[in-house]
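Participant: Following this message is one structure expressed as structure tokens.
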Amino acid sequence: MKHLELTAELQESASIYAAGAMPEDERKRYVRHLEEDGCDVCRSEVLAFQSAIQSLALNLPEQDPSPTVKMRLMAQAELSASRRGLESARPRGTPWLAWLIATASTTALIAILVVNSNLRQSVNSLTSRVAELESQMLGQRTRLAALTSTQFRVIDLAGQGTTPGAAARVFWNVREKQWLVYVSDLPPVSSDRSYQLWFVPKDGAPVSALVFNTGSDGSMMAEIPVPANLGELKATAVTTEQAGGAPTPHLPFALLGSL
Amino acid sequence: MLNEREDRENIELIQRMASRDSKALETFYDRYNRLVFSLVLKIIRVPEDAEDIVVDVFWQVWQQSLRYDASRGKPLAWLFTIARTRAIDSLRSRSRQPISTPVNPESEERRLSVKDTLENPGILADTRDAVRKALNQLPEQQRIPLELAYFEGMTHTEIAEALNQPLGTMKDRIRTGMLHLKEQLKAYL
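Protein chains in written order, with the working numbering: chain A, 13 to 271; chain B, 190 to 378.
Shown next, in the form of structure tokens:
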């Protein structure tokens, strides 16, 4: 029922409602009166009182919420907007299921194309790797063929003294005057020392062939030229010298091999 | 409580929110987040919970922006109503009991500070001064029931019991206090 004029009782109800002091049952009835009855007298009074009571809030000392409040709120809004974008992408009149299937199919096709592209890249990479390995294998076959040919002499060196377990093998390319030296199980020396390989001719003093150190696994491989004026060799040996090598060998031998 | 220009701007922001313009929500939030947080915090008293409610308040504004009707109240009044309602609902959901012991009208805790300053750029200085003046002039017998109702969510029955006053007296004090504020602030309504 609409009221025609404002009374003290109506004013009291409006003020209590606006202040938020109306019990729940009474409040529901009052809201129905405002909305369903469309009482402009009471509604107008309520609006005026609501503005007045909010002066209490306006007089509070202001405090800042943490920045995360805004972040959370805007994230929710953005998510809501993106969901609406997805919804609006659906053409009008298109059934949901048909649209979903079409979208899923398109997505799957794109995924297949992407995966296919990635696979092609992997194949290309593997092809290059295979070519590289084939080249390395060819080089090793060539070396093996050379080593087993008759133009090579093989000299074995045996461990001596404090390194009985050490060994070395020299592949001597007589025609090319090259030594290919393989050392194994010879413990590395400290930084102030070096191993030194010697050409030991039948006549004359030993000639330094190589100054080296072995790796942590006791191995070493090197290719060294054989001097042309060396004469006939009777042996080859490895000694332990000061770092950088010595002009003449010092006993004991670490490795010794006779020709 | 605000000038007409700001009211129009706020209505425009709400209309833009109805069109899902998140920048409008951001602007609205930047304008009033402190006021809303301060109100909710006054009611809830736990900052973390108050912050959750602030998110909910502005989210409700965003969700209901399409249904906002300016003829039913100004934007800030609408915002405060949402904020207070959510805060009071949260308070009640925790089963907090209203004050059952008599409240000392002279309690410093219940006295509104007249020295607090408002720094919200959305509210003109003269409005703030008018608010402060109106509240200062409000007798405590009227101000305290209004505060208990607005900030504590107490009904007139509960307030009457808390202040050990007849219900009729309490209703009258609420009406008189509201009339005082309405009269003092009518130029700013």
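Cβ coordinates follow ideal geometry from the N, Cα and C atoms, glycine included.
If you're wondering where the values come from, they're calculated on a predicted model, not measured in any experiment.
#1: Counting Cβ pairs closer than 8 Å, one from the stretch 257-267 of chain A and one from the stretch 201-215 of chain A, do we hit at least three?
#2: If A266 of chain A and T252 of chain A are in contact, beta carbons under 8 Å, what's the gap, nearest whole angstrom?
#3: Would you list the one or two residues that DSSP bridges to T358 of chain B?
#4: Using a Cβ-Cβ cut-off of less than 8 Å, list which residues of the stretch 238-271 of chain B approach chain A; keep chain order.
#5: Of all the options B:H345, B:Q354, B:D196, B:D219, which has the alpha carbon lying nearest to the alpha carbon of E38 of chain A?
#6: With a threshold of 16 other CB atoms inside 10 Å of the CB of L145 of chain A, please say whether the residue is buried or exposed.
#7: Between the beta-carbon of F183 of chain A and the beta-carbon of L169 of chain A, is there less than 8 Å?
#8: Quick check: is the beta carbon of T346 of chain B nearer than 8 Å to any beta carbon in chain A?
#9: Determine whether the Cβ of R44 of chain A lies closer than 8 Å to any Cβ atom of chain B.
#10: Using 10 angstroms around the beta-carbon of S228 of chain A, count the other beta-carbons present and answer buried if the total reaches 16, otherwise exposed.
#11: Return the residues of the stretch 226-238 of chain B that lie within a Cβ-Cβ distance of less than 7 Å from chain A, sorted by chain order.
#12: Determine the direct distance from the alpha carbon of I167 of chain A to that of G269 of chain A, and round the result to whole angstroms.
#13: For A180 of chain A and L242 of chain A, I'd like the C-alpha separation in whole angstroms.
#14: What is the DSSP secondary structure of Q88 of chain A, reduced to helix, strand or coil?
#15: Identify whether R299 of chain B lies in helix, strand or coil by the three-state DSSP scheme.
#16: Measure how close the beta-carbons of A221 of chain A and L198 of chain A come, nearest whole angstrom, since I'm counting them as under 8 Å.
#17: Applying the criterion that 16 or more other CB atoms from any shown protein chain within 10 Å of the CB defines a buried residue, is I363 of chain B buried or exposed?
#18: Checking contacts by CB at 8 Å: is S296 of chain B closer than that to chain A?
#19: How is L230 of chain B classed by DSSP in three states: helix, strand or coil?
#20: Measuring CB to CB, does L324 of chain B end up less than 8 Å from A272 of chain B?
#21: Quick check on E308 of chain B: does DSSP put it in helix, strand or coil?
#22: What does the Cβ neighbour count give for R317 of chain B, buried or exposed, with the cut at 16 atoms within 10 Å?
#23: Under 7 Å between beta-carbons, which chain A residues line up against L363 of chain B? List them in chain order, please.
#24: Using DSSP bridges, identify the partner residues of Y194 of chain A.
#25: Check the Cβ of L224 of chain B against every Cβ in chain A and list those closer than 9 Å, keeping chain order.
#26: Tell me, please, which residues DSSP counts as bridged to P213 of chain A.
Facilitator: In terms of the structure at hand:
#1: yes
#2: 6 Å
#3: According to DSSP, which records beta bridges pairwise, T358 of chain B is partnered with nothing at all.
#4: A239, E240, V243, V244, F247, W248, W251, R261, G262, K263, L265, A266, F269, T270
#5: B:H345
#6: exposed
#7: no
#8: yes
#9: no
#10: exposed
#11: F226, S227, L228, L230, K231
#12: 7 Å
#13: 21 Å
#14: helix
#15: Low confidence applies here, because R299 of chain B scores a pLDDT of 32, under 50, leaving its location unreliable and the question unanswered by this model.
#16: A221 of chain A to L198 of chain A, Cβ: 15 Å. No contact.
#17: buried
#18: Any reading at S296 of chain B must be qualified, since the residue scores a pLDDT of 37, below 50, and its modelled position is unreliable; no value is offered.
#19: helix
#20: no
#21: Reliability of the predicted coordinates at E308 of chain B is poor, the pLDDT of 43 falling under 50, and no value is obtained from them.
#22: buried
#23: According to the sequence as given, residue 363 of chain B is Ile; it is not Leu. Going along chain A in sequence order, the residues near I363 of chain B (Cβ under 7 Å) are S27, I28, A31, A33.
#24: A:R181, A:M233
#25: A69, L70, L72, E74
#26: A:L245
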